[in-house]
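Asks: Quick one: this structure, given as structure tokens, is what I'll be asking you about.
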Amino acid sequence: MGGTDSASVAAQRHRELLRQVKALKDEIQSWLESAMVSDVRQQYQTQLAALGRSLEVAVDQIQERIVADKPAGQVFKAAVAEERYLLWIRAIWDPFRVAFEQRTSGDASTTLKLADELVWACFYPFAERAGTRRSAPLATIANVAPCIRPSDMTRNFVNASLPAELQDRVNQVLKSLPMAILYLPPTVVASPWQLCLVAHEVGHEIQHIWADENGQSMVQTFQAELTDLAGADWNNRGQEVFADLYSVHCIGPAAAYTLFDFVFGEADDMQKGDAKYPPAIVRIQLANRLSTKLGLGTAKLPLMDEPEYCPAALGEQLDGADKIVDYVVGQQNPCLKHFGLDRAEFSSHALAKPLWDDKQPLSKPSVATIRQLFHQARVAVEDVTKDDDAETLRRNLERRVMDNVPSGVRAVVKVDMDAFSPIEKAFDEIPNDLWSRDA
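Going letter by letter, the sequence shown gives residues 3 to 441 in this note's numbering.
In structure tokens form, the structure reads like this:
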């Protein structure tokens, strides 16, 4: 029977699979072209180009593996495996696709534009000095699985539509890509000053980049210095402490205010630390004392010195925090000094009036001005007593940030397209029944 023999059946399945590969490739290419054209400020060109390259390599490798000159049974079996690869590529592409598409319309678009400016303002000093091959993190609103605080979920990505055993493989892929996604809670839309915690998350990304591109020596050195200064309790707290210190250098006392917003709670809980985090009260005090000693200003936080929250039992850990502050202020810390953050830019941080008084001028548009505006917004929240004030603050922050965006193309980051593992390489073994199982 013509067209029904084994070779014809295999050829038909082969053509069908090639159509699927071409359809995905065309879809990705069309989206990339549209996104790059709409990127008027050329703010995302690096991320888009790097993402496109990673996805293109993966799809091309699938296409290269597809052969028709095999028995029909083998062709069908191979096609099922390759279709799973196509689904995985979509799963990896999707968070980035959503992140860019959120910027084009809807309530999140304005907030994400603000987030982009703060992320860049915190990332730029490091990128300019270090010549990193990675891009600044890409912010997105976590609408599908909302988070309660900003988090770099590309380092530990969870997609509810994927079987649980695929999560580790997806994480491997995402870690190999030249940018991270920073997931933001939906609350930042109504309260954009909450974006201040972005500075902490950028500090984490800088640690990851430094370790990936220069080895673990500086990260390990910083951890060893903490232990020497503050004692054994601080043995594994280097990553969180570094991110807290980095955020203070970026946004001054707003870092302490923002920590207060996100970690304040009942007194007993505030006094409990663990291997990764100092006690919440110690974290807040560390950030505030550093800001004070750097001359950036002091957050006026309630209850921080009350015996209920700050008992004598925490004295040793607070002494350790003071030693860390003295060390950083003395500019002995090679990490923060290397990243080029200039405390002199906070000379005007004493007042938050620019966000209430539209006529008060700012300095010329710069990344420093962007960081100042977010600092001032969070400080100004302390004076908000009614919803109308909060809405005025939100509108003024949005307008003044966008009015003070530095001009020019953000091309300081030079991504080496061949430096990142192709997406496909993370998936070495494919359980045949994987996609038929429950997640």
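Positions of the beta carbon are idealized from the N, C-alpha and C atoms, including for glycine.
Residue range of the alpha helix (DSSP H) that Thr371 falls in?
Replies: Counted from its first residue, the sequence shown places residue 371 at position 369. First-last of the alpha helix (DSSP H) with Thr371: Val369 to Ala382.
Asks: Tell me whether Thr106 is buried or exposed, calling it buried when 16 or more other Cβ atoms sit within 10 Å of its Cβ.
Replies: Here residue 106 corresponds to residue number 104 of the sequence shown, with the count starting at 1. Classification for Thr106: exposed.
Asks: Grab me the residues of Gln65's own chain with a C-beta within less than 6 Å of its C-beta, minus the 5 sequence neighbours each way, in chain order.
Replies: Position 63 of the sequence shown, counting from 1, holds the residue named residue 65. Excluding positions up to five away in sequence, the list reads Val23.
Asks: How would you call Asn237, buried or exposed, if buried means at least 16 neighbouring beta carbons within 10 angstroms?
Replies: As a working mapping, residue 237 is identified with position 235 in the sequence shown. Under this definition Asn237 is an exposed residue.
Asks: Would Arg397 and Thr260 qualify as a contact pair, given that the criterion is a beta-carbon distance under 8 Å?
Replies: Looking up residue 397 in the sequence shown gives position 395. Looking up residue 260 in the sequence shown gives position 258. Contact: no.
Asks: Using a 10 Å radius around the Cβ and a threshold of 16 neighbouring Cβ atoms, would you call Arg373 buried or exposed?
Replies: Counting from one through the sequence shown, the residue named residue 373 turns up at place 371. That one is buried.
Asks: Name the DSSP beta bridge partners of Ile91, please?
Replies: Reading the sequence shown from its first residue, position 89 is the one you call residue 91. BP columns for Ile91 are empty, so no partner.
Asks: Taking 8 Å as the limit between beta carbons, can you name the residues of its chain near Ile30, skipping five residues before and five after?
Replies: For the purposes of this step, residue 30 is taken as residue 28 along the sequence shown, with counting starting at 1. Cβ neighbours of Ile30 beyond the five flanking positions: Gly54, Leu57, Glu58, Val61 and Trp95.
Asks: Three or more C-beta pairs closer than 8 Å, one from the region 248–256 and one from the region 221–231: is that the case here?
Replies: Taking 8 Å as the limit for Cβ pairs, the verdict is that the region 221–231 does not touch the region 248–256.
Asks: Any idea what DSSP makes of Thr142, helix, strand or coil?
Replies: Residue numbering aside, residue 142 sits at position 140 when the sequence shown is read from its first letter. Reduced to three states, the DSSP call for Thr142 is strand.
Asks: Per the DSSP calculation, Ile183 is bridged to which residue(s)?
Replies: Start at 1 with the first residue of the sequence shown, and residue 183 comes out as number 181. Answer is Leu140.
Asks: Roughly how many angstroms separate the alpha carbons of Pro309 and Gly275, rounded to a whole number?
Replies: To locate residue 309, count along the sequence shown from 1; it is residue 307. To locate residue 275, count along the sequence shown from 1; it is residue 273. Answer to the nearest angstrom: the Cα atoms are 17 Å apart.
Asks: Leu197 and Ala117 look like a contact to me (Cβ under 8 Å); what is the Cβ gap, rounded to whole Å?
Replies: Residue 197 sits at position 195 when you count from the first residue of the sequence shown. Residue 117 sits at position 115 when you count from the first residue of the sequence shown. Leu197 to Ala117, Cβ: 5 Å. Contact.
Asks: Take Val383 as the anchor and find which of Leu320, Arg43 and Lys302 has the nearest alpha-carbon.
Replies: Here residue 383 refers to the residue found at position 381 when the sequence shown is read from its first residue. Out of Leu320, Arg43 and Lys302, Lys302 has the C-alpha closest to the C-alpha of Val383.
Asks: Out of Gln47, Glu35 and Leu26, which has the shortest C-alpha to C-alpha gap to Leu85?
Replies: The residue you call residue 85 lines up with position 83 of the sequence shown. A quick correction: the sequence has Glu, not Leu, at residue 85. Per the Cα distances, Leu26.
Asks: Mark Met181 as exposed unless 16 or more other C-beta atoms lie within 10 angstroms of its C-beta, in which case mark it buried.
Replies: Position 179 of the sequence shown, counting from 1, holds the residue named residue 181. When all chains shown are included, Met181 counts as buried.
Asks: Beta-carbon within less than 7 Å of Thr229's beta-carbon, same chain only, minus the 5 sequence neighbours each way: which residues are those?
Replies: Position 227 of the sequence shown, counting from 1, holds the residue named residue 229. Cβ neighbours of Thr229 beyond the five flanking positions: Trp236 and Asn237.
Asks: Starting from the C-beta of Val386, find all residues in its chain whose C-beta is less than 7 Å away, skip the five residues before and the five after it, and write them out in chain order.
Replies: Locating residue 386 in the sequence shown gives position 384, counting from the first residue. Hits under 7 Å: Ala392 and Leu395.
Asks: Tell me whether Gln31 sits in a helix, a strand or coil according to DSSP, three-state version.
Replies: For this step, residue 31 is matched to residue 29 along the sequence shown. In this structure, Gln31 counts as helix in the three-state DSSP scheme.
Asks: Using three-state DSSP, classify Ala441 as helix, strand or coil.
Replies: Taking the first residue of the sequence shown as 1, we reach residue 441 at position 439. Residue placement at Ala441 cannot be trusted, given a pLDDT of 32 that sits under 50; the coordinates are not used to answer.
Asks: Could you check what DSSP says for Met404 in three-state terms: helix, strand or coil?
Replies: Mapped onto the sequence shown, residue 404 falls at position 402. In this structure, Met404 counts as helix in the three-state DSSP scheme.
Asks: How long is the line joining the alpha carbons of Pro73 and Ala9, rounded to whole angstroms?
Replies: Looking up residue 73 in the sequence shown gives position 71. Looking up residue 9 in the sequence shown gives position 7. Taking the straight line joining both Cα atoms gives about 7 Å.
Asks: Alpha carbon to alpha carbon, how far is Glu318 from Pro280?
Replies: Taking the sequence shown and counting its residues from 1, one reaches residue 318 at position 316. Taking the sequence shown and counting its residues from 1, one reaches residue 280 at position 278. Between Glu318 and Pro280, the C-alpha separation is close to 12 Å.
Asks: So for Gly108, helix, strand or coil by DSSP?
Replies: Residue 108 sits at position 106 when you count from the first residue of the sequence shown. It is coil, neither helix nor strand.
Asks: Under a Cβ-count criterion, where at least 16 other Cβ atoms within 10 Å of its own Cβ denotes burial, should Arg291 be classed as buried or exposed?
Replies: Here residue 291 is taken as the residue at index 289 of the sequence shown, counted from 1. It counts as buried.
Asks: Within 10 angstroms of the Cβ of Gly205, are there 16 or more other Cβ atoms? Answer buried if so, exposed if not.
Replies: On the sequence shown, position 203 is the one that residue 205 refers to. The residue is buried, with at least 16 neighbouring Cβ atoms inside 10 Å.
Asks: Take Tyr311 as the anchor and find which of Gly299, Ala277, Asp271 and Ala323 has the nearest alpha-carbon.
Replies: Start at 1 with the first residue of the sequence shown, and residue 311 comes out as number 309. Out of Gly299, Ala277, Asp271 and Ala323, Asp271 has the C-alpha closest to the C-alpha of Tyr311.
Asks: Are the CB atoms of Val331 and Lys295 within a distance shorter than 8 Å?
Replies: Residue numbering aside, residue 295 sits at position 293 when the sequence shown is read from its first letter. Residue numbering aside, residue 331 sits at position 329 when the sequence shown is read from its first letter. Yes. Within cutoff.
Asks: Find the nearest neighbour of Arg67 within the set Val39, Asn145 and His16, judged by alpha-carbon distance.
Replies: Indexing the sequence shown from 1 puts residue 67 at position 65. Selected option, being the one with the closest Cα: His16.
Asks: Excluding the five sequence neighbours on either side, which residues of its own chain have a C-beta within less than 7 Å of the C-beta of Thr112, listed in chain order?
Replies: Looking up residue 112 in the sequence shown gives position 110. Excluding residues within five positions, the ones whose Cβ falls inside 7 Å are Glu400.
Asks: Roughly how many angstroms separate the alpha carbons of Val11 and Val200, rounded to a whole number?
Replies: For the purposes of this step, residue 11 is taken as the residue at position 9 of the sequence shown. For the purposes of this step, residue 200 is taken as the residue at position 198 of the sequence shown. Those two C-alpha atoms are separated by around 54 Å.
Asks: Check whether the Cβ atoms of Ile183 and Leu140 sit closer than 8 Å, and answer yes or no.
Replies: As a working note, residue 183 is residue 181 in the sequence shown. As a working note, residue 140 is residue 138 in the sequence shown. In contact: Ile183 and Leu140 (Cβ atoms closer than 8 Å).
Asks: Judging by CA-CA distance, which residue of Ala315, Thr300 and Leu176 is the nearest neighbour of Ala52?
Replies: One-based indexing of the sequence shown puts residue 52 at position 50. When each option's Cα is compared against that of Ala52, the closest is Leu176.
Asks: Cα separation between Ala370 and Ala123?
Replies: The residue labelled residue 370 in the question sits at position 368 within the sequence shown. The residue labelled residue 123 in the question sits at position 121 within the sequence shown. Going from the Cα of Ala370 to the Cα of Ala123 covers about 7 Å.
Asks: Taking C-alpha atoms, which residue in Ala323, Phe266, Pro127 and Gly267 lies nearest to Ala289?
Replies: The sequence position of residue 289 within the sequence shown is 287, counting from 1. Nearest C-alpha to Ala289: Ala323.
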